[in-house]
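K.L.:
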Amino acid sequence: MHRRVLKRLVAAAGERKRSFLSPFVIGLGIWVGFPSVVAYQDMTSLVSGLETSNARWNAYVEKSVAGSVHNAEMPFVDSTSTGSISGSGVQLPGVGTVAFRGKGNVAGTTPDEDRIVRADKKGRIVQVSPVAPPKAFNAGSIFERTSSLLRPSMDSGLKLAFAKPGIKGKEIQIAQAFHIREDKKPDPGVPAMLAALVNNDKPDVLATAYAQAEPDYAKASPFEALLQDEEPNSGRFIPPMAKGDHWWIQNPLPASVFSKPEQACLANGIYFEARSESVRGQAAVAQVILNRVRNPAYPKSICGVVYQNDNWLNRCQFSFACDGRKKRVTDPAAYKTAQDVAMAVTAGKIFIPEVGSSTHYYANYVHPGWARTMKRMTKIGLHIFYRTYGGGWS
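Just so we're aligned, residue 891 is where the sequence shown starts under our numbering, counting upward by one.
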């Protein structure tokens, strides 16, 4: 039985050997007789058109014509599968640049717009890299910096140093050469003692004491005399309104305040209330009186404000008007100063921002009860000035 099994194994091995040898011999014969069919596995045959019926030798490399940028050309069948590669090329070792050319040197008929898929394309992001400053330069002068286009050498001979500028100590002279100093000319209509307090070059148009003799055509247009401004308060002095000031501060004064009786009442108030104060303290008292004229809660005239309740003994608004003593001007020079201050403050040439819209004041040697209900603004000389919270009488 063992011999029978052994014979069967030997016979099976012989059959396997014969089945391997026969296909090998047949394949070798086909390869020798038909080399082009087997060689279709390389890329050149695939690109040249495997489905065409042309012979395999149609894929060849030829020398380019004179003047071409590439060394050789490889023509292909102009079909749907190979027409799109016309115009491209490869770099072959030993040959150089080889360009792909379709049959008849004609590119594919499909335009680039149809062959390119733009669905996945995004917007281009342009990134600008910062330019680094030049590395090698002399700190003494910016004109000795090296160009940033050239690669700086490791040792260019330039050393870091702080050079002393030649203009040191002459900064003021150089600035004066470009900015000519113009000294402020004193206002001819304002006394010298009040010139330092003047902070407005455009007085009220109703103040004839400060009217210009002739128009200043260097600053004003000659057509302004013909084209009248439609604003009702054009040319009137409107005090600036600071934070916390009341709305009535920007009411223009009545035209009657520039009359002689009104100016006399204002000068009396300044003289008898603050003649011992500085001109700034006198201007602050005048500003309080005019603020009451602007305030709707008080009379509309200077005389009405100064002599309000003067028939109430020691209970009027200004103590000199109701103290029961007859008032006389004993210092004509001081009264002339009070008149000048009265006109300057009325015309708006002088306005003290620290006083603002204050309507009350008292001397520091008295302590009235109403002071606790108002906001303290400032202190000038012996007088302390207050502004109401509500903007009215108190």
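Yeah, the Cβ is synthetic: ideal placement off N, Cα and C, and Gly gets one too. As the structure is a computational prediction, the values presented were derived from the model and not from experiment.
(1) Nearest CA to the CA of Ala844: which residue from Pro913, Lys1190, Gly1134, Ser1166?
(2) Of all the alpha helix (DSSP H) runs that stay within the bounds of the segment 1228–1269, which reach a length of 4 or more residues?
(3) Suppose contacts are defined by Cβ-Cβ distances below 7 Å. Is Ala1237 in contact with Pro1093 by that definition?
(4) What did DSSP end up calling Met1131 once you bin it into helix, strand or coil?
(5) For Arg1277, which of helix, strand or coil comes out of DSSP?
(6) Please report the Cβ distance between Val1231 and Val1169, rounded to the nearest whole angstrom; I am assuming they are in contact, meaning their Cβ atoms lie under 8 Å.
(7) The beta strand (DSSP E) that contains Gly1194, what's its start and end?
(8) Which residues does DSSP list as the beta-bridge partners of Lys1150?
(9) So Tyr1276 packs on Ala1261, CB below 8 Å; how close in whole Å?
(10) If you measure between the beta carbons of Pro1142 and Arg1126, is that distance less than 7 Å?
(11) Using DSSP with H/G/I as helix, E/B as strand and the rest coil, what is Thr1098?
(12) Would you check if the segment 1210–1224 and the segment 1127–1137 touch, i.e. whether three or more CB-CB distances between them fall below 8 Å?
(13) With distance defined between alpha-carbon atoms, name the residue in Val1195, Ala1174, Thr987 nearest to Arg1184.
(14) Who are the Cβ neighbours of Thr1268 in its own chain at under 6 Å, not counting the five residues just before and after it?
(15) Rounded to whole angstroms, how far is the Cβ of Leu1156 from the Cβ of Ala1176, which I believe are closer than 8 Å?
(16) Can you find the residues in the same chain that come closer than 7 Å, C-beta to C-beta, to Arg1266, ignoring five residues on each side of it along the sequence?
(17) Determine the DSSP secondary structure at Phe1208, reduced to helix, strand or coil.
(18) With C-beta atoms as the reference, is Thr1249 less than 7 Å away from Asn1181?
(19) By Cβ distance, which residues of its chain are closer than 6 Å to Leu1272, with the 5 residues on each side in sequence left out?
(20) What span of residues does the beta strand (DSSP E) with Gln1140 cover, start to end?
(21) What's the gap between the Cα of Gly1246 and the Cα of Met1131?
(22) Measuring CB to CB, does Val988 end up less than 7 Å from Met964?
(23) With DSSP as the reference, label Lys1058 as helix, strand or coil.
(24) For Ile1128, count the other beta carbons within 10 Å of its own beta carbon; 16 or more makes it buried, fewer makes it exposed. Which is it?
(25) Following the continuous beta strand (DSSP E) through Val980, name the residue where it begins and the one where it ends.
(26) By the DSSP assignment, the alpha helix (DSSP H) with Leu1180 in it spans what residues?
(27) What does the Cβ neighbour count give for Asn1089, buried or exposed, with the cut at 16 atoms within 10 Å?
(28) To which residues of the same chain is Asn961 closer than 8 Å at the C-beta, ignoring the five residues directly before and after it?
(29) How about Ala1228 and Leu1084: are their beta carbons less than 7 Å apart?
(30) Relative to the C-alpha of Ile1240, which candidate in Gln1153, Ile1192, Asp1091, Gly1159 has its C-alpha closest?
(31) Taking just the CA atoms, how far does Tyr1197 sit from Arg1205?
(32) Nearest to Asp1221 by alpha carbon, out of Leu1203, Arg1165, Val1178, Val1256?
(33) Opposite Lys953 in the DSSP bridges: which residues?
(34) CB Ile1270 to CB Gly1171, shorter than 7 Å?
(35) With a threshold of 6 Å, establish whether the CB of Ile1064 neighbours any heavy atom of the ligand PLP.
(36) Could you please give me the residues that DSSP links to Arg991 through a beta bridge?
P.N.:
Straight from the coordinates:
(1) Past the edges of the chain, shown from 891 to 1284, lies residue 844, and the structure says nothing about it.
(2) none
(3) yes
(4) coil
(5) strand
(6) 6 Å
(7) From DSSP, Gly1194 is part of no beta strand (DSSP E) but of the alpha helix (DSSP H) over 1192–1196.
(8) According to DSSP, which records beta bridges pairwise, Lys1150 is partnered with nothing at all.
(9) 6 Å
(10) yes
(11) helix
(12) no
(13) Val1195
(14) Glu1244, Phe1275
(15) 6 Å
(16) Ile1274, Tyr1276
(17) coil
(18) yes
(19) Ala1253, Asn1254
(20) Note, Gln1140: premise wrong, no beta strand (DSSP E); not H, not E.
(21) 8 Å
(22) yes
(23) coil
(24) exposed
(25) 979–982
(26) 1169–1184
(27) exposed
(28) Lys953, Ser954, Val985, Gly986, Thr987, Val988
(29) no
(30) Asp1091
(31) 11 Å
(32) Arg1165
(33) Ala962
(34) yes
(35) Annotation note on the ligand PLP: not contained in the displayed structure, which lists no ligands.
(36) Pro965
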